[in-house]
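Trainee: Quick one: this structure, given as structure tokens, is what I'll be asking you about.
In structure tokens, the structure reads:
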């Protein structure tokens, strides 16, 4: 039944390795922006709730930065999602339809939350405690969107469950009961919260000249949050690994050498990252955290391959050569990244003066 419900794969204009390379290149950028946005917003709401003067100023700074981070997250998320569709379109399209109600809600939920964070930013002082409610609602909405994405990415790797569609013809199919889903989602959210702490600590470095008290508090508080949450998330990550089906778990236990090496490197980077965060060394912690995110993306790719191996491998894709679109894409990609870099630089300069 499962194979009947899997559409045939489309042909590709170039070898699949190009799209895999671009997926692995662009997805970490999206994750870094998303983690800073989601984790930072949650920390900002908590700081606002606690109500201390310096924490209120921290919450305001995070409120100012959050709309820009949302825009960056969305823009950096388009490319990897397109490459995922190219390589695994027959699975991601199917899973999106099966959970259609949740999937189609992503856009209106995102627009509503985007409007909310602008209100939280522009009217922070005027709203007072009402702003805290708005910020909290926006954070909950983003957590809901994260759950929808996490659910869809897991469902696409479980074609054997596609047949459950006939019990949920209205597009309400859920697999939240899958053993690995709670740990998968919690691991992602805690990772975002930890990286949000790192973003808060980094933000403090750019406020030292204008608000030394806030800068010092942001740096210490951000690293403290990062350290504590990462310790918890390390345990959750191990539980997530153990909750995987045996075949997928063993990929990282020696069955696949590349996946095993990536897992070992991830553990080493985690240990180093915890040590540098404990010592209060921000830049060294970032130097460990960014490569760790990249490694996690590679591990995610191996896991997806393991889930789908019985049904599909990338070498089954057929190529009908057409190179001009790829060349044009690379030109636009480089130009777009340069524009984003320039925009980020100008935005950082403007924020530093406010």
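Residue numbers (the UniProt record's numbering): 1 to 354. Glycine residues also receive a C-beta, built at the ideal position from the N, C-alpha and C atoms.
Run through DSSP, which three-state label would residue 319 get?
Mentor: Along the chain shown, read from residue 1 onward, the residue named residue 319 stands at position 319. In the structure shown, residue 319 sits in a strand (DSSP, three-state: E or B).
Trainee: Shortest alpha-carbon distance to residue 273 belongs to which of 11, 224, 176?
Mentor: In the chain shown, residue 273 corresponds to position 273, counting from 1. Ranking 11, 224, 176 by Cα distance to residue 273 puts 224 first.
Trainee: Which runs of the alpha helix (DSSP H) fall wholly inside the stretch 271–329 and span at least 4 residues, in chain order?
Mentor: 282–308
Trainee: Please report the Cβ distance between residue 158 and residue 307, rounded to the nearest whole angstrom; I am assuming they are in contact, meaning their Cβ atoms lie under 8 Å.
Mentor: Start at 1 with the first residue of the chain shown, and residue 158 comes out as number 158. Start at 1 with the first residue of the chain shown, and residue 307 comes out as number 307. 7 Å between Cβ atoms; contact.
Trainee: Could you round the C-beta distance between residue 131 and residue 44 to whole angstroms and report it? I think they count as a contact, below 8 Å.
Mentor: Taking the chain shown and counting its residues from 1, one reaches residue 131 at position 131. Taking the chain shown and counting its residues from 1, one reaches residue 44 at position 44. With a Cβ gap of about 10 Å, residue 131 and residue 44 do not count as contacting.
Trainee: Under 9 Å between the Cβ atoms of residue 102 and residue 174?
Mentor: Locating residue 102 in the chain shown gives position 102, where the first residue counts as 1. Locating residue 174 in the chain shown gives position 174, where the first residue counts as 1. Yes, the Cβ-Cβ distance between residue 102 and residue 174 is below 9 Å.
Trainee: Taking DSSP's pairing of strands, which residues face residue 12 in a bridge?
Mentor: Walking along the chain shown from the start, residue 12 turns up at place 12. 319, per the DSSP bridge assignment.
Trainee: Considering residue 7, what are the terminal residues of the alpha helix (DSSP H) in which it resides?
Mentor: Residue mapping note: residue 7 aligns to position 7 of the chain shown, counting from 1. That residue, residue 7, is in no alpha helix (DSSP H); it is neither H nor E in DSSP.
Trainee: Any idea if residue 316 is buried or exposed, counting beta-carbon neighbours within 10 angstroms, 16 or more meaning buried?
Mentor: Your numbering for residue 316 matches position 316 in the chain shown. Burial call: exposed.
Trainee: Tell me which residue opens and which closes the alpha helix (DSSP H) that residue 125 is part of.
Mentor: On the chain shown, position 125 is the one that residue 125 refers to. Residues 124–127.
Trainee: Is there contact between the stretch 102–118 and the stretch 8–24, where contact requires at least three CB pairs shorter than 8 Å?
Mentor: no
Trainee: Locate the alpha helix (DSSP H) running through residue 241, then write down its first and last residues.
Mentor: Counting from 1 along the chain shown, the entry for residue 241 is found at position 241. 212–243 is the span of the alpha helix (DSSP H), which, as asked, contains residue 241.
Trainee: Of the choices 349, 294, 34, whose alpha-carbon is the least far from that of residue 210?
Mentor: Along the chain shown, one-based indexing puts residue 210 at 210. Among 349, 294, 34, the Cα nearest to that of residue 210 is on 349.
Trainee: Would residue 195 pass as a contact of residue 150 if the rule is Cβ separation under 9 Å?
Mentor: Locating residue 195 in the chain shown gives position 195, where the first residue counts as 1. Locating residue 150 in the chain shown gives position 150, where the first residue counts as 1. It is not a contact, given that the beta carbons lie outside the stated cut-off.
Trainee: At the level of alpha carbons, what is the spacing between residue 53 and residue 37?
Mentor: Here residue 53 refers to the residue found at position 53 of the chain shown. Here residue 37 refers to the residue found at position 37 of the chain shown. For residue 53 and residue 37, the distance between alpha carbons rounds to 23 Å.
Trainee: From residue 342 to residue 80, what distance separates their C-alpha atoms?
Mentor: Taking the chain shown and counting its residues from 1, the one referred to as residue 342 is at position 342. Taking the chain shown and counting its residues from 1, the one referred to as residue 80 is at position 80. Cα-Cα distance, rounded: 21 Å.
Trainee: Can you check which of these residues, 191, 205, 257, 217, is closest to residue 229 by C-alpha distance?
Mentor: Numbered from 1 along the chain shown, position 229 holds the residue referred to as residue 229. Checked all of 191, 205, 257, 217; the closest Cα to residue 229 is 191.
Trainee: Where does residue 341 sit, in a helix, a strand or coil, going by DSSP?
Mentor: Translated into the one-based positions of the chain shown, residue 341 becomes position 341. Helix, per DSSP.
Trainee: Can you check whether the CB of residue 251 is closer than 9 Å to the CB of residue 259?
Mentor: As a working note, residue 259 is residue 259 in the chain shown. As a working note, residue 251 is residue 251 in the chain shown. Yes.
Trainee: Start and end of the alpha helix (DSSP H) containing residue 96?
Mentor: If you number the chain shown from 1, residue 96 lands on position 96. Under the DSSP assignment, residue 96 falls in the alpha helix (DSSP H) whose first and last residues are 53–98.
Trainee: From what residue to what residue does the alpha helix (DSSP H) around residue 246 run?
Mentor: Here residue 246 corresponds to residue number 246 of the chain shown, with the count starting at 1. Segment 246–250, the alpha helix (DSSP H) holding residue 246.
Trainee: Residue 177 by DSSP, collapsed to three states: which one?
Mentor: Your numbering for residue 177 matches position 177 in the chain shown. Coil.
Trainee: What is the DSSP secondary structure of residue 203, reduced to helix, strand or coil?
Mentor: For the purposes of this step, residue 203 is taken as residue 203 along the chain shown, with counting starting at 1. Of the three classes helix, strand and coil, the one that applies to residue 203 here is helix, per DSSP.
Trainee: So residue 198 packs on residue 285, CB below 8 Å; how close in whole Å?
Mentor: The sequence position of residue 198 within the chain shown is 198, counting from 1. The sequence position of residue 285 within the chain shown is 285, counting from 1. Correct: roughly 7 Å between the Cβ atoms.
Trainee: Which residues in the same chain have their Cβ closer than 7 Å to the Cβ of residue 182, if we skip the five residues on either side of it in sequence?
Mentor: The count along the chain shown starts at 1 and reaches residue 182 at position 182. Counting only Cβ-Cβ distances below 7 Å, and skipping sequence neighbours, we find nothing.
Trainee: Just how far apart, CA to CA, sit residue 279 and residue 214?
Mentor: The residue you call residue 279 lines up with position 279 of the chain shown. The residue you call residue 214 lines up with position 214 of the chain shown. Annotation: residue 279 to residue 214 spans about 20 Å, alpha carbon to alpha carbon.
Trainee: With a CB to CB cut of under 8 Å and the five nearest residues on each side skipped, what residues in its chain are close to residue 295?
Mentor: Here residue 295 refers to the residue found at position 295 of the chain shown. Excluding sequence neighbours, residue 295 sits near 262, 265, 266, 269.
Trainee: So residue 293 and residue 31 are in contact, right, with Cβ under 8 Å, and what is the actual spacing, rounded?
Mentor: Sequence index remark: in the chain shown, residue 293 carries index 293 (1-based). Sequence index remark: in the chain shown, residue 31 carries index 31 (1-based). Indeed they touch by this definition, with Cβ atoms about 6 Å apart.
Trainee: Rounded to whole angstroms, what's the CA-CA distance from residue 89 to residue 320? Just pull it up for me.
Mentor: The residue you call residue 89 lines up with position 89 of the chain shown. The residue you call residue 320 lines up with position 320 of the chain shown. C-alpha separation (whole angstroms): 17 Å.
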